[in-house]
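Q: Pasting in a structure now, in structure tokens, and then I'll have a few things to ask.
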Amino acid sequence: HSIEQTEISDLPAQDSLNPGSLQLVSKFKNPSSSCSVDVSAMWWERAAAKEPCIITACEDVVSLWKPLDTLQWKKVHTWHFTEVPVLQIVPVPDVYNLICVALGNLEIREIRALLCSSGDESEKQVLLKSGNIKAVLGLTKRRLVSSIGTFCNQQVQIMTFTEDGGSKDEQLLMPPDETILAFAEVQGMQDALLGTTTVNNIVIWNLKTGQLLKKVHIDSYQASVCHRAYSEMGLLFVVLSHPCAKESQAFGSPVFQLLVINPKTAQSVGILLCCLPPGQAGRFLEGDVTGHVAAAVLTSGTVAVWDLLLGHCTALLPPASGQRWSLVKWSGTDSHLLAGQKDGSVFIYRY
Amino acid sequence: CSTADLGPISLNWFEELSSEAPP
């Protein structure tokens, strides 16, 4: 702990580390007595107009913030949770009036949909799933995938929402006989889904048929987590994060890795290791990938951004106002980066 | 390692694996 703090204080001023690639656009603070756990951006429809809104989640409250003309944010809805704390926001693309959240203590026990009734705009919540939920992800075409249970007793389900946020139908995917850690969508192939498992396999599903198409073993760091994949020229390019990777003298501290997989032969090769620039230390704490950019909060409290096409770190954001970063998300609605701190502060940067 | 280690590549891998995998 003390070593990490020393490294933060030794960092040069923000401007010299971050030459213009991240510009602060606006910031606000969510006044809450509980710890801030997640932040996200989404489109919310009010009076037939869609607005880019921000969602903040504390352990006991989820809030929706709408933009005002003056680059300020106004809280318009709050949902309260008194029994089970909120763990994360689960954005579902293409749904405009609904937020999904995962609740639990250490592990996810419930997934709930948060919405407003059309008549009086009052906040409502609906229980979607409950049980020993291991992984959940919102997918394009208004779908939500979740895995419940472990090993052989695992159920992988896809739920599809209607445009106004109602749930339409459910479909099962063939479960692998190993516990799923995370799901990742495949850009350029809407009917494919990837999952990483606890024994470092990547599994590939056909979302239309529910078939388990392939299991690919990846020779990488333990407990690697897939964030996103791209389908190009018969190959899958997969972005993994490495929360458990140890720093090595040869590479430094590896945070993300770009891996190429031939799904036909189940062979894979690492093609890019995203390591921290010299002088930086810390491991991956949490992160987000969109398009060809990957952002991570490090255990040092710094946010780092990599351009996966350029192959190097393009921005570093040291702790602001004396506080470490704890959350980082791409807005999804545009090229903005949301960075959050435990006390409820949210900073919005243009990348 | 190099991409040569990946073996023969098929542009239609998704359809081919879907026809081979159990329903």
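Each protein sequence line maps, in turn, to chains A and B. If you count by the numbering used here, then the first sequence holds residues 1 to 351, one letter each, in order. If you count by the numbering used here, then the second sequence holds residues 1001 to 1023, one letter each, in order. Glycine included, each C-beta is placed from N, C-alpha and C at the ideal position. Values in this document were obtained by computation on a predicted structure and should not be read as measured data.
Mind listing the chain B neighbours of leucine 212/A? Cutoff is C-beta to C-beta under 9 Å, in chain order.
A: Simply Ala1021, Pro1022.
Q: Could you tell me which residues DSSP pairs with asparagine 206/A in its beta bridges?
A: DSSP output for asparagine 206/A lists Ala192/A as bridge partner(s).
Q: In angstroms, rounded to a whole number, what distance separates the CA positions of isoleucine 218/A and asparagine 200/A?
A: Distance between the alpha carbons of isoleucine 218/A and asparagine 200/A: 6 Å.
Q: With a Cβ-Cβ cutoff of 9 Å, do lysine 214/A and valine 225/A count as a contact?
A: No; because the gap between Cβ atoms is not below 9 Å, this pair is not in contact.
Q: Which full runs of the beta strand (DSSP E) of 3+ residues lie inside the region 64–132 of chain A, going along the chain?
A: List check, beta strand (DSSP E) in window: 73–80, 86–90, 99–104, 108–116.
Q: Within 10 angstroms of its Cβ, does asparagine 30/A collect 16 or more other Cβ (buried), or is it exposed?
A: Classification for asparagine 30/A: buried.
Q: Output needed for valine 126/A: all residues of its chain with C-beta closer than 6 Å, excluding positions within five of it in sequence on either side, in chain order.
A: Taken in chain order, the residues that qualify are Ala113.
Q: To the nearest angstrom, how far is the alpha carbon of serine 253/A from that of glycine 119/A?
A: About 53 Å.
Q: I need the straight-line Cα distance from serine 167/A to threonine 209/A, nearest angstrom please.
A: Straight-line Cα distance between these residues: approximately 20 Å.
Q: If you draw a straight line from the C-alpha of alanine 47/A to the C-alpha of glycine 270/A, how long is it?
A: Each residue's Cα considered, the two are about 48 Å apart.
Q: Quick one: grab the DSSP three-state call for leucine 172/A.
A: Reduced to three states, the DSSP call for leucine 172/A is strand.
Q: Answer with buried or exposed for glutamine 341/A, where buried requires no fewer than 16 other C-beta atoms within 10 angstroms of its C-beta.
A: Buried is the call here.
Q: Can you give me the C-alpha to C-alpha distance between proline 19/A and leucine 316/A, rounded to a whole angstrom?
A: Reliability of the predicted coordinates at proline 19/A is poor, the pLDDT of 48 falling under 50, and no value is obtained from them.
Q: Please work out which residues of its chain come closer than 6 Å, Cβ to Cβ, to glycine 282/A, disregarding the five sequence neighbours upstream and downstream, and give them in chain order.
A: Answer for glycine 282/A: Leu298, Thr299, Ser300, listed in chain order.
Q: Between the Cα of valine 86/A and the Cα atoms of Leu71/A, Ile111/A, Tyr96/A, Leu272/A, which residue gives the shortest distance?
A: With distances taken between Cα atoms, valine 86/A lies closest to Ile111/A.
Q: How would you list, in chain order, the residues of chain B whose beta-carbon sits under 8 Å from the beta-carbon of alanine 192/A?
A: Those within 8 Å of alanine 192/A in chain B are Phe1014.
Q: Thinking C-alpha only, which one of Leu259/A, Leu212/A, Ala245/A, Pro243/A is nearest leucine 235/A?
A: Selected option, being the one with the closest Cα: Leu259/A.
Q: With 9 Å set as the bound, which would you pick, yes or no: does the beta-carbon of serine 321/A sit closer than that to a beta-carbon of chain B?
A: No, serine 321/A lies away from the interface with chain B (no Cβ there is under 9 Å from its Cβ).
Q: Quick check: aspartate 94/A and glutamate 45/A, are their CB atoms within less than 9 Å of each other?
A: Not a contact, by the Cβ cut-off of 9 Å.
Q: Is it true that the CB of phenylalanine 183/A sits closer than 9 Å to the CB of leucine 128/A?
A: In this structure, phenylalanine 183/A does not lie closer than 9 Å to leucine 128/A by Cβ.
Q: Return the residues of the region 220–239 of chain A that lie within a Cβ-Cβ distance of less than 9 Å from chain B, sorted by chain order.
A: Result list: Ser231, Met233, Gly234, Leu235, Leu236.
Q: To the nearest whole angstrom, what separates the beta carbons of alanine 229/A and valine 293/A, a pair I think is in contact under 8 Å?
A: 15 Å between Cβ atoms; not a contact.
Q: Which first and last residues belong to the beta strand (DSSP E) in which leucine 272/A is found?
A: Unbroken beta strand (DSSP E) run through leucine 272/A: 267–275.
Q: Measuring only the C-alpha atoms, how far is leucine 207/A from glutamine 157/A?
A: Each residue's Cα considered, the two are about 10 Å apart.
Q: If you follow the beta strand (DSSP E) that leucine 298/A is in, where does it begin and where does it stop?
A: From DSSP, the beta strand (DSSP E) with leucine 298/A extends over 293–298.
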